[in-house]
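Trainee: Residue numbers for the sequence shown follow the numbering used here, so the first one is 41 and each next one is one higher. Idealized CB from N, CA, C, for every residue including glycine. The structure presented is a predicted model; accordingly, all values stated were derived computationally and were not measured.
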Amino acid sequence: MVATPPRRRVVRLALLDAFTAGAGLGYLAHQYREALVANSAAIGLALLFVFVLGYLVHVAARVLRRAGSRVDAIFAEELRNKPSPGPR
């Protein structure tokens, strides 16, 4: 069996999750059609809130990843400047 790269595997799993969520939401929309029509404004605002929350999580993850790489660079620089532990 050929191992797939981690990034490709993550994309496959994300697509599978999106398909599963879409199928579930489609089933629920079919079952609760009248409730969706009666409360469309509240559902629209909730979806907007979910998208904004997702965007904020994405931005926070990007900022934390950037900060982590800066900390890694600082540690690497400090380790480069550290004298060797060998006898003098």
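Flag this pair as yes or no: are the beta carbons of ILE83 and LEU93 separated by less than 8 angstroms?
Mentor: Not a contact, by the Cβ cut-off of 8 angstroms.
Trainee: Taking DSSP as the reference, what is the three-state secondary structure of ASN121?
Mentor: Note: ASN121 maps to helix in three-state DSSP.
Trainee: Return the chain-ordered ranges of every alpha helix (DSSP H) run that is complete within the stretch 52-97 and spans a minimum of 4 residues.
Mentor: Counting only runs of 4 or more, we get 73-78.
Trainee: Secondary structure at PRO45, three-state DSSP: helix, strand or coil?
Mentor: Coil at PRO45, not helix or strand.
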